[in-house]
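Below you'll find the structure, written out as structure tokens, and then a few comments.
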Amino acid sequence: KAAFKRFQKYLKHLHFHNFKMRLCVGTGDAAETACVYGAVCAAVYPAINGLLVLTRCKAKSIDVSADFDNAGISFAISAAVSSQLVFLIAAAAAGFCEYKKIRKVSFDE
Numbered sequence: 306k307a308a309f310k311r312f313q314k315y316l317k318h319l320h321f322h323n324f325k326m327r328l329c330v331g332t333g334d335a336a337e338t339a340c341v342y343g344a345v346c347a348a349v350y351p352a353i354n355g356l357l358v359l360t361r362c363k364a365k366s367i368d369v370s371a372d373f374d375n376a377g378i379s380f381a382i383s384a385a386v387s388s389q390l391v392f393l394i395a396a397a398a399a400g401f402c403e404y405k406k407i408r409k410v411s412f413d414e
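Add 305 to a position in the sequence shown, counting from 1, and you land on the number used in the working numbering.
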């Protein structure tokens, strides 16, 4: 949440086109799969919705499903992104500065 809030001004300059996402979750037990599926949906849909609203993008397809037969997680995402070069450079520089701050804090502790 903190990183999302920090990079919010940079995300406004990104334009996403043809956004597609597919996520399939499964475990060995059907009841556990249902619980994991509910938790994943509760996390994924609000996060994707926030990203799409912020970037003014319309999703082509978002598919989160439960696989009761196979155990494991499969994930696929695709999107076309366009932006002006100066904003991409600014976002990369900001991300690098944040990385350096996080790295310094983790090594100091």
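Heads up, the beta-carbon is just placed ideally off N, CA and C, and yes, glycines get one too.
Close-in-space but distant-in-sequence residues of the same chain around residue i (CB under 6 Å, 5 per side omitted)
| i | result |
| --- | --- |
| F373 | A335 and T338 |
| S415 | Because the chain in this structure spans residues 306 to 414, residue 415 falls outside the shown range and cannot be described. |
Run of the beta strand (DSSP E) containing residue i, from where it starts to where it stops
| i | result |
| --- | --- |
| N323 | H320 to G331 |
Local conformation of residue i per DSSP, three classes
| i | result |
| --- | --- |
| K365 | strand |
| A348 | helix |
| F373 | coil |
Pairwise C-alpha distance: residue j and residue i
| i | j | result |
| --- | --- | --- |
| F321 | A395 | 18 Å |
| A371 | A364 | 20 Å |
| L319 | S388 | 5 Å |
| V391 | G400 | 14 Å |
| A397 | N375 | 39 Å |
8 Å CB neighbourhood of residue i in its chain, flanking five on each side removed
| i | result |
| --- | --- |
| L357 | F321, F324, K363 and A364 |
| V345 | L328, V330 and V369 |
| Y350 | I367 and V369 |
| I353 | M326, A364 and I367 |
Residues near residue i by beta carbon distance below 7 Å, same chain, minus five either side
| i | result |
| --- | --- |
| V341 | V330 and T332 |
| G377 | G331 |
Legend entry - Inter-stretch contact (C-beta, 8 Å, three-pair minimum) for the segment 384 to 391 and the segment 317 to 328: With the cut-off at 8 Å, the segment 384 to 391 and the segment 317 to 328 touch.
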